[in-house]
Amino acid sequence: MNVVGTVAELRAALPREGVGFVPTMGYLHRGHLALVERARKENPFVVVSIFVNPLQFGPGEDYHRYPRDLERDQALLEEAGVDLLFAPSVEEMYPAGFATRVSVEGPLTALWEGEVRPGHFQGVATVVARLFLLVRPERAYFGEKDYQQLLVIRKMVRDMGFPLEVVGVPTVREEDGLALSSRNVYLSPETRGKANLLYRALSAMREVAQAGGSVAEALRAGEGVLAEVPEFRKDYLALVHPETLLPLSDWVPGARGIAAGRFPEVRLIDNLEVYP
């Protein structure tokens with residue numbers, strides 16, 4: 004595996020075509036490796052980036068303590084058959100005087116994570132657009148665990164005419180349903196035993212939907228599960244349209260349950276298709 008840290012080295016190492024791309028912030032887990040595996044199957048050349056993007060962290064968030072272990076990540080990617088790792092510095096990604104931002108407007112970025120974390124999706128769109136222009140992939144791979152992010156990136160790609168396919172890969176979970184996340188390392192042993200709370204709430208909503216219950220009944224079931232853990236502070240629990248993320252009053256095919264909130268030591272998000 005070739006490892007590069009500058010734009011010039013990246014451009015010199017890239018083939019002209021056939022690139023599959025997996026952008027990450029590092030501290031890799033099985034969810035990231037599932038993206039790499041999919042990319043490996045569908046592309047002759049696989050590029051992974053590791054870059055903790057300061058633009059998508061708000062004031063008081065965990066940018067400086069976000070887990071990092073480049074040596075460990077590099078070993079995992081080499082074993083997974085990645086061809087090229089791009090691990091730039093902040094100064095390389097955002098040179099002195101960098102003043103451009105990419106914004107996707109509308110409900111996709113105004114609701115849910117966009118409301119809780121103002122400016123987050125502008126930071127995501129800016130770094131992903133820059134990476135797409137540098138790597139020039141034919142396909143790029145993102146996990147469905149960050150479902151709203153996936154939709155925002157797809158919208159940006161359509162609106163801007165990027166010549167690539169955005170591929171969503173299903174969420175990878177622990178045995179108890181907890182969605183894999185680099186931030187799970189923050190969980191204390193006590194909290195880890197309760198951390199599948201969001202998955203249990205979403206699953207309860209899915210059970211109501213599959214039994215013929217209404218959207219309102221499904222939401223009550225999910226809220227009931229969240230209420231079982233008083234130290235969890237909910238940011239949102241909603242049933243939304245799978246493409247617009249607007250809240251539902253009646254079921255539509257592919258209806259998505261989305262949820263987020265905080266334990267004392269970590270914020271978690273999750274989502275699940277609840278109505279096939």
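The opening residue of the sequence shown carries number 4 in our numbering; numbering runs sequentially from there. Every residue, glycine too, gets a C-beta built ideally from N, C-alpha and C.
Take residue i and list the residues in its own chain whose beta-carbon comes closer than 7 angstroms to its own, dropping the five residues that flank it on each side.
i, result
"Ser191", "Glu268"
"Glu226", "Leu240"
"Ser1", "The question about residue 1 has no answer, for the chain in this structure spans 4 to 279."
"Val155", "Val107, Leu111, Thr112, Phe124, Val127, Ala128"
"Thr27", "His35, Val51, Ser52, Ile53"
"Val218", "Leu242, Leu251, Ser252, Asp253, Trp254"
"Gln77", "Val6, Leu88"
"Leu134", "Pro26, Ser52"
"Val22", "Asn46, Phe48, Val50, Val138, Arg139, Pro140, Glu141"
"Lys197", "Val232"
"Leu114", "Leu248"
"Leu167", "Phe135, Pro140, Glu141, Arg142, Ala143, Val160"
Where does the unbroken beta strand (DSSP E) through residue i begin, and where does it stop?
i, result
"Val25", "22-27"
"Ser52", "48-53"
Quick check: what's the CA-CA separation for residue i versus residue j?
i, j, result
"Ala37", "Val172", "8 angstroms"
"Ile53", "Tyr97", "15 angstroms"
"Phe235", "Pro62", "22 angstroms"
"Glu231", "Arg203", "11 angstroms"
"Leu249", "Ala16", "42 angstroms"
"Gly216", "Ala258", "13 angstroms"
"Glu95", "Arg209", "45 angstroms"
"Arg186", "Tyr66", "11 angstroms"
"Ile272", "Arg195", "14 angstroms"
"Thr103", "Asn56", "15 angstroms"
"Ala214", "Pro279", "12 angstroms"
"Val119", "Leu136", "29 angstroms"
"Ala90", "Ala263", "30 angstroms"
"Ala212", "Glu220", "8 angstroms"
With respect to the alpha helix (DSSP H) encompassing residue i, which residues constitute its N-terminal and C-terminal limits?
i, result
"Lys237", "Counting along the chain, Lys237 falls outside any alpha helix (DSSP H), though it belongs to the beta strand (DSSP E) covering 236-243."
"Val232", "First-last for Val232: undefined, no H or E at that position."
"Glu268", "Premise fails: Glu268 is in no alpha helix (DSSP H) and is neither H nor E."
"Gly34", "33-45"
"Glu64", "Unbroken run through Glu64: none, as it is neither H nor E."
"Gln77", "73-82"
"Leu190", "Looking at the DSSP string, Leu190 is not in any alpha helix (DSSP H), and its letter there is neither H nor E."
"Ala16", "10-16"
Excluding sequence positions up to five away, which residues of its chain have a Cβ less than 6 angstroms from the Cβ of residue i?
i, result
"Ala207", "Ala224, Gly225, Val228"
"Val105", "Ala128, Thr129, Ala132"
"Phe24", "Val50, Val138, Pro140, Ala143"
"Val189", "A small fix is needed here, since residue 189 is Tyr in this sequence, not Val. Counting only Cβ-Cβ distances below 6 angstroms, and skipping sequence neighbours, we find Glu268, Val269."
"Arg43", "Val49, Gly84"
"Gln59", "His123, Gly126, Val127"
"Met163", "none"
"Tyr69", "Val55"
"Val169", "Ala143, Ile156, Arg157, Val160"
Since residue i sits in a beta bridge, which residues does DSSP pair it with?
i, result
"Asp273", "Ala262"
"Ala281", "Shown here, the chain extends from 4 to 279; a query on residue 281 therefore has no answer."
"Glu205", "Residue 205 is actually Leu in this sequence, not Glu. Answer is none; Leu205 lacks a bridge partner."
"Asn5", "Leu87"
"Pro250", "Val243"
"Tyr278", "Ala258"
For residue i, which residues of its own chain have a beta-carbon under 8 angstroms away from its beta-carbon, when the five flanking residues on both sides are left out?
i, result
"Leu183", "His32, Arg33, Gly34, Lys148, Thr174, Val175, Arg176, Glu177"
"Met159", "Val105, Val107, Ala128, Val131, Ala132, Phe165"
"Gln152", "Glu116, Phe124, Val127, Phe145"
Consider the C-beta atom of residue i and the heavy atoms of the ligand SAH; say whether any pair is separated by less than 7 angstroms.
i, result
"Lys158", "By its list of ligands, the structure shown contains no ligand whatsoever, and the ligand SAH lies outside what it can speak to."
- Message: As an exercise, report each continuous alpha helix (DSSP H) stretch of at least 4 residues that is fully enclosed by the segment 93-173, in chain order.
- Response: For the segment 93-173, whole alpha helix (DSSP H) runs of length 4 or above, ordered along the chain, are 93-96, 110-113, 116-119, 123-138, 150-163.
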